[in-house]
Structure formats: C-alpha cells, structure tokens
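What follows is a single structure, written as structure tokens, with notes after it.
Residue numbers (this note's numbering): 243 to 713.
Shown next, in the form of structure tokens:
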C-alpha cells in the first residue's frame, strides 16, 4: 500500500489503537478528529498528519478510509465523495480483521470487563513469550499509551465492542465472554435483541472455540432460555468455567460437548480479594493487585483461555498477581491532604455498584468514600435512571455532576436532578459543572483517610486532577 490510510474519528480509543497498528506496519496514516487530545498528540508524534476539519482533507492518493460508528449522518457528503472515487471504505471492525488475518484471533466480549480481560490475556501471552498482536480499547502501560500493537507471534487478541453490533462481524478462532447485562439498549431497543446478539456472538453455529463464565447471571439467563434451541457446528468447541450456585450450593453445567480438549475450571470460593478454583483436581488461588469480584472473574476467563493453549494455571496465576491494570479502571490519580483520589470509567449500574463496593471493602473503617458521579449520555440516563441512582447508594457521600452529553442532544426532563427522588438527599450534593466552583464545595467534606472516587465515562477525572493542584 503506497498511499495513506485515512482514519475518521482517529481520537477514539478503538480507532487510535488501529492507527498505531497501521504505523507498526509502516503504513502512512492521515487522521481526522474534531479535537486534539493526549491520544491524538501521541499519534502525531509517531508521524500521523492530523486534521480537525474534515473539509480540509484531500482525498487525492488515499488508498483506504477507515471509520468508526461515531462518524454519523453529519458526514454524508464526505462518504459520498469517498464512494464516488471508489476508495475502499472500511468500518474499524473490518480493518482490524485485515490486520489480524494471518494470526489466530482471540475476541473478548462482555457488557463489562472487556478491556480488563483483554489486557489480562495480553499480559499472560506477552510474559509467556508469545509476542501477540494486541488491540485494547483503553490505555495500559503494557502498550505504553498506544492501545494497539502488531506482534510477530501466532496470536492476535482484541476487544470486541457490542455497542453498535459490530462484534458480530468478528470471526475469531477463540471467543471469550465475561458477562451479559442491560447496556446499549439505545441501540438494541429490547433485552431480547441484546440477548440474541450475544447468543450469536457465542458462535454455536460457527467454527472456533468459546469460553464462557456461566456464573454470570446474564449468561446463565441467556443459556437457560435458549440452550435447547442451539445447534452445534461440527468444529465448534465450548470451554466452560463451571461455577457453584451460591443459593442452592448445587453444581450446574449447561453444555457438554464431545471434544477431548474440553476445559472445566471449577470455581469454589470467591471473595473481594481472592478466589479459589480447581483444575484437574488441584486447587489454585488467584489474587490481583486491584480489589473486586469482577476483576477476579475476568481473570478466571483469561487464565482458562491460557489453559487452552498450554499455559499452566501456576504461570497465569503468577502473571495476574502482577496485573498492570488499565487507565481509568480504579486508577489512582494521587493524594491530596491524605485523601486518595481515584478515577474509574464505570458508567453502567452494574459497573458503578461493583466499583463502589470494592473500594468500600478496601477502605473499610479507614475513612469515608466520596463519589463524584457524572452521568454519561442522555439516552442511557433515561433508560437506566432508577438503576443508576440505586447503584450509587452505597457511597458515603455523593457529588452529582450534570450529564455528560457525549455529543447527544439533550432530552427534555432528563437531567441530573432526575436522580434525586431515588437517592438519600442528605448524602447528596449537586454540583454545577464548573470545576473551580465545584472543588470549593467538595473540599470541606474531605478528611485524611478518605477516598474521593471520580466516576463516569466523560471528563469527571478532571475534577480530581484539579483538586490535586490545590494547596
């Protein structure tokens, strides 16, 4: 390929990762994004020509155009010009498959934990000497701010995004699924359509292998509803994580296939700081540097895949004990007057509840957990208003920011004040969205030993970063 590849929406987490992978292959890259960021600045350092106005870009000599779902109807004219010139136009998911077509691919999906699980699999493969190709929708020190890199090994591991349905285009050799929950209903409209999408992702009518955590109530629900109707492709293999039903203390196993490489990992005990599992009648303990049951079950999925390709449980457990984490996942921003400032991307009720509970367990009697919550998108807030509010109730004190629009048009009657009927208003403070003013409202509530959690998928971390600059 002689001419450059044009990435539309290059500043997005998935798109920037693909751009880095193209640069690894020494392909020339041009990018469009409406604003600069640390992500785009680093791409420019690596040689990308960046434009902030799509009209300024000349299509002369462009070999291919890659776009994300964030590029919408506002750009119809550009798409028309691209098609008129017969320039290949690829969605990011299609382009990724081009990049990994010569490797065995590992797709990681789930309503929550995709990025963490992809990072765990990547760290296990990397430290085990496999030199994988990696595409992660988050910033991790494993990739040194890049999100994506091309390796020389036989495997390629990538995060599969269900938000726009494109994860169904991923024809992976291995499919990993962590959980299923009510998210992105603005796209799917109904829970039934969401479940059908995940059912298709599981790939029961396709070749390849699938690893499921059947202990997740969402996966359990989908399987219990649909398993009688499933048809098995002759080359399909299902590797199960078998778990204990904590209500009845009975063991359950939904599927058993007739292949000799079946892997059954039995989960015996899970607590906030560790879990115990059995493989081939031997018990192992998994501990991670980050608290939370959700991290541990993600780790269980990752090490089960590792088992499938011959990496021992001992080795995976050792590697995951040094799990490096992902930016914006319980990321410690710093300490202000002996108050720990933590940032987390959680924006769905399940994620929010898990993060708050994990930090409460970690801090216990040491101090108060304050949460600055920034609701993400008007559509999500409308669909999940009561669930979002109730997920915040375990916080000792809640600071509530205005809704982060993420480019959406406001919905009449949907605002942060809509949460108040479902909250303990004595423990809730409304913020203005003006950082300097808000920080002065927050500071009097903080005391040594407390935690301040900046929670949400928007720019809420900036409130924590500003606090760290205060004397």
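Even glycine gets a Cβ: it sits at the ideal position worked out from N, Cα and C.
Helix, strand or coil at residue i according to DSSP, with G and I counted as helix
i, result
"residue 684", "helix"
"residue 283", "helix"
"residue 766", "Nothing about residue 766 can be read from this structure; the chain reaches only from 243 to 713."
"residue 375", "strand"
"residue 361", "helix"
"residue 294", "coil"
"residue 268", "coil"
"residue 564", "coil"
"residue 525", "strand"
"residue 275", "coil"
"residue 339", "helix"
"residue 451", "strand"
"residue 587", "coil"
"residue 551", "coil"
"residue 532", "coil"
"residue 676", "coil"
"residue 441", "helix"
"residue 288", "coil"
"residue 325", "helix"
"residue 419", "strand"
"residue 392", "coil"
"residue 402", "coil"
"residue 192", "This structure cannot speak to residue 192, because the chain is shown only from 243 to 713."
"residue 432", "coil"
Within 8 Å, strictly: CB atoms of residue i and residue j
i, j, result
"residue 542", "residue 528", "yes"
"residue 377", "residue 263", "yes"
"residue 423", "residue 536", "no"
"residue 429", "residue 349", "no"
"residue 679", "residue 640", "no"
"residue 615", "residue 642", "yes"
"residue 267", "residue 288", "no"
"residue 611", "residue 638", "yes"
"residue 467", "residue 421", "no"
"residue 379", "residue 259", "yes"
"residue 579", "residue 358", "no"
"residue 521", "residue 555", "yes"
"residue 510", "residue 523", "no"
"residue 617", "residue 646", "yes"
"residue 261", "residue 345", "no"
"residue 629", "residue 690", "no"
"residue 290", "residue 544", "no"
"residue 601", "residue 695", "yes"
Residue i versus residue j - alpha carbon distance
i, j, result
"residue 530", "residue 255", "25 Å"
"residue 245", "residue 302", "9 Å"
"residue 666", "residue 635", "7 Å"
"residue 700", "residue 323", "33 Å"
"residue 310", "residue 390", "16 Å"
"residue 547", "residue 561", "14 Å"
"residue 719", "residue 330", "Nothing can be reported for residue 719, as the shown portion of the chain is limited to 243 through 713."
"residue 596", "residue 327", "49 Å"
"residue 333", "residue 603", "42 Å"
"residue 292", "residue 286", "7 Å"
"residue 304", "residue 270", "10 Å"
"residue 693", "residue 656", "29 Å"
"residue 490", "residue 388", "Because residue 490 carries a pLDDT of 39, less than 50, the predicted location of this residue cannot be relied on, and no value is offered for it."
"residue 688", "residue 581", "7 Å"
"residue 583", "residue 564", "22 Å"
"residue 661", "residue 631", "6 Å"
"residue 567", "residue 383", "8 Å"
"residue 704", "residue 525", "44 Å"
"residue 513", "residue 248", "47 Å"
"residue 589", "residue 373", "33 Å"
"residue 559", "residue 659", "45 Å"
"residue 502", "residue 414", "Low per-residue confidence applies at residue 502: pLDDT is 48, beneath 50, and the placement is therefore not dependable, though the value from the model is reported in the following sentence. Whole-angstrom Cα-Cα distance: 21 Å."
"residue 342", "residue 385", "17 Å"
"residue 336", "residue 593", "29 Å"
Nearest residue (CA-CA) to residue i, options the options
i, options, result
"residue 298", "622, 276, 680, 666", "276"
"residue 620", "366, 653, 602, 382", "653"
"residue 437", "361, 417, 464", "464"
"residue 706", "689, 691, 684, 516", "684"
"residue 294", "306, 252, 417", "252"
"residue 453", "510, 385, 671, 351", "351"
"residue 671", "644, 650, 649", "644"
"residue 403", "250, 417, 281", "417"
"residue 451", "520, 433, 347", "347"
"residue 507", "557, 571, 456", "456"
"residue 300", "272, 690, 317", "272"
"residue 370", "697, 552, 570", "552"
Any non-hydrogen atom of the ligand HEM closer than 7 Å to residue i Cβ
i, result
"residue 265", "The ligand HEM is absent from the structure shown, which contains no ligand whatsoever."
query: At what residue ranges does the stretch 604-674 contain a whole run of the alpha helix (DSSP H), taking only runs of 4 or more?
result: Uninterrupted alpha helix (DSSP H) stretches at least 4 residues long and entirely within the stretch 604-674 occur at 620-633, given in chain order.
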